[in-house]
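Participant:
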Amino acid sequence: MDLKYTNAEPSEDERAAVDGLLGPPESAWEGADRSRTDLRWARGGAAARERRDLLLPALHAVNDRVGWLSEGALDYICRRLTVPPAEAYGVATFYAMFSVKPRPAKVLYVCTDLACAARGAGAVCAGLEERVGAAGSAADGAVWQPSPCLGLCERAPAALLLQAGAPAEEREAFPIPAPSRNPGPEDGVRQPANPARPGGPSHALKAMGEFEDRGSRGRSPMVTRRGGVGEEPAAGADVAGVTRPGQAQTAAPHPAAPRHRAAAVIAPATADALVAAVAAPEAAAPEPPATAAVPQAGGPGLVLLRRVGSIDPYSLDAYRAAGGYTALRRAFALGPADVIREVLDAGLVGRGGAAFPTGRKWEATARQPDHPHYLVCNADESEPGTFKDRVLMEGDPYALVEAMTIAGYATGAHQGYLYLRGEYPRSYERLTHAITQARHRGLLGPDVLGHGYAFDIEIRRGAGAYICGEETAIFNSIEGQRGEPRSKPPFPVEKGLFGKPTAVNNVETLANVLPILTEGAAAYARTGTESSTGTKLFCVSGQIERPGIYELPFGARLRDLLELAGGPPPNLRAVLLGGAAGGFVRPDELDIPLTFEGTRAAGATLGSGVVLVLDDPVELPAILLRIAEFFRDESCGQCVPCRVGTVRQEEALHRIKDRTGAAAAGDIALLREVGGAMRDASICGLGQTAWNAVESAIDRLGAFE
42 MDLKYTNAEP
52 SEDERAAVDG
62 LLGPPESAWE
72 GADRSRTDLR
82 WARGGAAARE
92 RRDLLLPALH
102 AVNDRVGWLS
112 EGALDYICRR
122 LTVPPAEAYG
132 VATFYAMFSV
142 KPRPAKVLYV
152 CTDLACAARG
162 AGAVCAGLEE
172 RVGAAGSAAD
182 GAVWQPSPCL
192 GLCERAPAAL
202 LLQAGAPAEE
212 REAFPIPAPS
222 RNPGPEDGVR
232 QPANPARPGG
242 PSHALKAMGE
252 FEDRGSRGRS
262 PMVTRRGGVG
272 EEPAAGADVA
282 GVTRPGQAQT
292 AAPHPAAPRH
302 RAAAVIAPAT
312 ADALVAAVAA
322 PEAAAPEPPA
332 TAAVPQAGGP
342 GLVLLRRVGS
352 IDPYSLDAYR
362 AAGGYTALRR
372 AFALGPADVI
382 REVLDAGLVG
392 RGGAAFPTGR
402 KWEATARQPD
412 HPHYLVCNAD
422 ESEPGTFKDR
432 VLMEGDPYAL
442 VEAMTIAGYA
452 TGAHQGYLYL
462 RGEYPRSYER
472 LTHAITQARH
482 RGLLGPDVLG
492 HGYAFDIEIR
502 RGAGAYICGE
512 ETAIFNSIEG
522 QRGEPRSKPP
532 FPVEKGLFGK
542 PTAVNNVETL
552 ANVLPILTEG
562 AAAYARTGTE
572 SSTGTKLFCV
582 SGQIERPGIY
592 ELPFGARLRD
602 LLELAGGPPP
612 NLRAVLLGGA
622 AGGFVRPDEL
632 DIPLTFEGTR
642 AAGATLGSGV
652 VLVLDDPVEL
662 PAILLRIAEF
672 FRDESCGQCV
682 PCRVGTVRQE
692 EALHRIKDRT
702 GAAAAGDIAL
712 LREVGGAMRD
722 ASICGLGQTA
732 WNAVESAIDR
742 LGAFE
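Quick note on the working numbering: the sequence shown kicks off at 42 and runs consecutively.
In structure tokens:
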């Protein structure tokens, strides 16, 4: 499209999708018909600019309704939000799940990443090519395309079908009984103070007005951006995680969770099953419950997974009966400073891969004088081979809502953002439902549990960008910019989301906060080792009998984990620890202790908990080439070492995939030089770790010798 305002008009569906999010335009500045007043002065521009952070939800709204982003739709969004068209186009083309070219309403994403490649994804794609044509070919109202990891590795090979269209009716596939009674004073739960508006972030955060003089960017809290401090949602708005006015108060206490798009998950996938699903998505087999991914479900010793499969994930009453909200009550009894002290004493470190002490991050955020503070949950679980956060969100969604509330309380935040993978439709449904129910029962809102603390959560969906798992890239994505990482310092605890102090934690990290507060820091720290306390979730996939999520205390050996999953295959070639950004372990190294310090000493990494088992029939050069392609595709291109280095790495691996010895020596030397440059000079972890797996394959496995 021409990167300036044009005369292109949105279709009725596109206009309805945008207006459903933003409300109807109120001035010519926003795209309404010009009035006499507009002839004398321009009005509404400043208010529209303050909603720049709704750019990504607006793109989702159109994509969900129509399936692609037309010139007219982009132009209309730009006028509504006063975003320069070039910037909006840059954002729209940044994400793999959006298209600015016409495409059918049905899009089939077929995973070709590591776990699926090891389980036959290549044959699935070949079968699709025979039946419907090459990737990207449109046929019968659908198009298919290869995709990076979909987070369905335990059922590999996997595919996800999304269908655009009018908003679906509320789903009735999961009927939830009404609670036996309404919460009363004996529950310690107060109903929302204003029953006419129970819910959106603005309602919850009005209570901030009396003790915060500054809005999100130095303004009055009552005129900040929508979804933030104090502002009323637009009439008719229906943002993920934002209650539509007039809706929640009339809904049943346990409404069915709405679907944001028709979706079908086909896993394990075959070409025939995919063709059938595209022809009749409604006839696709239902997804198995989250507990199917937990071979240990119901067994002893589980902490983070103990409720997965044992309670109805839609029922708040079931969650509370299983100990839910005990941790939040103790947090209120302790106070913010002592909550942080408990987390510090427990030795909790981040479970997303960086292993930074969680208590130190919370403490640094809480002591910042600049307000407001924000909390961001990083649920953009995109590391190939990782699916633990999906299982937690699908099987125990209220635990994440409770843990985010505790984290917000400890850090002085009153608004939380849950940044969720766009490829996780079921997680989105269940979390949306859980947040709505928590608001309805006074567990989110202006007076959480009657303690005078205001907190609310808004879900923001990603759209297929691995780089948005980097904490500062998340900020840019939420703010309506391209999801490119920021240089540090300043660090997020000083200047994060909207330039304010922000704590960022991933799903598994937050889930650990609940047992710390219910059991106490000392009891929690007795599990694991001195430097790696508690339990860890491991994502086991590949050539193994029982793939899935396993929970073990830190200190268990890799061999112990593989035995739980059915034992290593007799022709074991290697185990990839930590995903594409991790490294390989040889068959003679299975006694490595699964701790941060143990894997580090062995020259490996735990990363996000990926354990991908590869046997001899798997071609190692093909796996390395897929890793290189992944990093080339996912590099945001902002910094030269990563932008150029990932391409050069892939080119070298293409050249030597069938070579060994002296014939490969020159390219291996080049790989080392390029890998060192990426590690030393890249802005963020993507470029810094893009060479890890290739290096470990060369040095530990003797690849290309």
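Using N, Cα and C, we set each Cβ at its ideal position, and we do this for glycine too.
State the DSSP-derived secondary structure class of W185, mapped to helix, strand or coil.
Facilitator: strand
Participant: Would the stretch 512-522 and the stretch 332-342 be scored as touching if the rule is three or more Cβ pairs under 8 angstroms?
Facilitator: no
Participant: Taking Y439 as the reference, give the member of A326, H414 and S468 with the closest Cα.
Facilitator: S468
Participant: Quick one: grab the DSSP three-state call for H695.
Facilitator: helix
Participant: Is it the case that the Cβ atoms of V545 and C680 are separated by a distance below 9 angstroms?
Facilitator: no
Participant: Would DSSP call F672 helix, strand or coil?
Facilitator: helix
Participant: Please report the straight-line C-alpha distance between T291 and A102, rounded to a whole angstrom.
Facilitator: Residue confidence is low: T291 scores 31 on pLDDT, short of 50, so the model does not pin down where it sits. No coordinate-derived value is stated.
Participant: Which same chain residues, not among the five before or five after R90, have their C-beta less than 8 angstroms away from its C-beta?
Facilitator: L122 and T123
Participant: Are there 16 or more other CB atoms within 10 angstroms of the CB of E470, so buried, or fewer, so exposed?
Facilitator: Around the beta-carbon of E470, 16 or more other beta-carbon atoms lie within 10 Å, marking it buried.
Participant: With a floor of 3 residues, list each beta strand (DSSP E) that falls wholly inside the stretch 619-685, ordered by position along the chain.
Facilitator: 624-626 and 651-656
Participant: Between which residues of its own chain and A304 is the CB-CB distance below 6 angstroms, once the five residues before and five after are set aside?
Facilitator: L203 and P466
Participant: By a C-beta neighbour count over all protein chains shown, 10 Å radius and 16 as the cutoff for buried, is R567 buried or exposed?
Facilitator: exposed
Participant: Short of 6 angstroms in beta carbon distance, which residues of its chain neighbour G365, apart from the five on each side in sequence? Order them along the chain.
Facilitator: Y439
Participant: By the three-class DSSP mapping on this structure, what secondary structure does D497 have?
Facilitator: strand
Participant: Would you decide whether D497 is buried or exposed? Buried here means 16 or more other CB atoms lie within 10 Å of its CB.
Facilitator: Within a 10 Å sphere around the beta-carbon of D497 sit 16 or more other beta-carbons, which makes this residue buried.
Participant: Taking 8 angstroms as the threshold, find out whether the stretch 394-413 comes into contact with the stretch 532-546 through three or more Cβ pairs.
Facilitator: Flag = yes, the stretch 394-413 and the stretch 532-546 touch.
Participant: Taking the alpha carbon of A645 as the point to measure from, which residue in L727, R741, I447 and L346 has its own alpha carbon closest?
Facilitator: When only C-alpha atoms are compared, the closest one is R741.
Participant: For L149 and A167, what's the separation of their Cα atoms in angstroms?
Facilitator: 15 angstroms
Participant: Please confirm whether A454 and H492 have their CB atoms less than 9 angstroms apart.
Facilitator: no
Participant: Which residues does DSSP pair with R1 in a beta bridge?
Facilitator: With the chain represented from 42 up to 746, any question about residue 1 goes unanswered, as that position is not in the structure.
Participant: Please classify H412: does DSSP put it in a helix, a strand, or coil?
Facilitator: Reduced to three states, the DSSP call for H412 is coil.
Participant: Determine the DSSP secondary structure at A454, reduced to helix, strand or coil.
Facilitator: strand
Participant: What's the call for E323, buried or exposed, on a 16-neighbour Cβ count within 10 Å?
Facilitator: exposed
Participant: Do T399 and T559 come within 9 angstroms of each other at the CB atom, strictly closer than that value?
Facilitator: no
Participant: Roughly how many whole angstroms lie between the Cα atoms of A621 and A734?
Facilitator: Taking the straight line joining both Cα atoms gives about 6 angstroms.
Participant: What's the gap between the Cα of L655 and the Cα of A615?
Facilitator: 5 angstroms
Participant: Check D379 in the structure and name its three-state DSSP category.
Facilitator: helix
Participant: What's the gap between the Cα of H244 and the Cα of E499?
Facilitator: Here the model assigns H244 a pLDDT of 34, short of 50, so the residue's position is not dependable, and the following value carries that caveat. Answer to the nearest angstrom: the Cα atoms are 12 angstroms apart.
Participant: Would you check if there are 3 or more beta carbon pairs closer than 8 angstroms linking the stretch 720-731 to the stretch 502-514?
Facilitator: yes
Participant: Could you tell me the distance, in whole angstroms, from the CA atom of Y460 to the CA atom of V626?
Facilitator: 32 angstroms
Participant: How do the stretch 632-647 and the stretch 594-608 stand: do at least 3 beta-carbon pairs fall below 8 angstroms, yes or no?
Facilitator: yes
Participant: Measure the alpha-carbon distance for G650 versus E424 and round it to whole angstroms.
Facilitator: 10 angstroms
Participant: Please classify A126 as buried or exposed, where buried requires at least 16 other C-beta atoms within 10 Å of its C-beta.
Facilitator: Contrary to the premise, residue 126 reads as Pro rather than Ala in this sequence. Answer is buried; the Cβ neighbour count reaches 16.
Participant: Just verifying my parser: in three-state terms, what is the DSSP assignment at L485?
Facilitator: coil
Participant: With DSSP collapsed to three states, give me the class of E586.
Facilitator: coil
Participant: Are the stretch 426-439 and the stretch 377-391 touching by the rule of at least three beta carbon pairs closer than 8 angstroms?
Facilitator: Touching, no, given that fewer than three Cβ pairs across the two stretches are closer than 8 angstroms.
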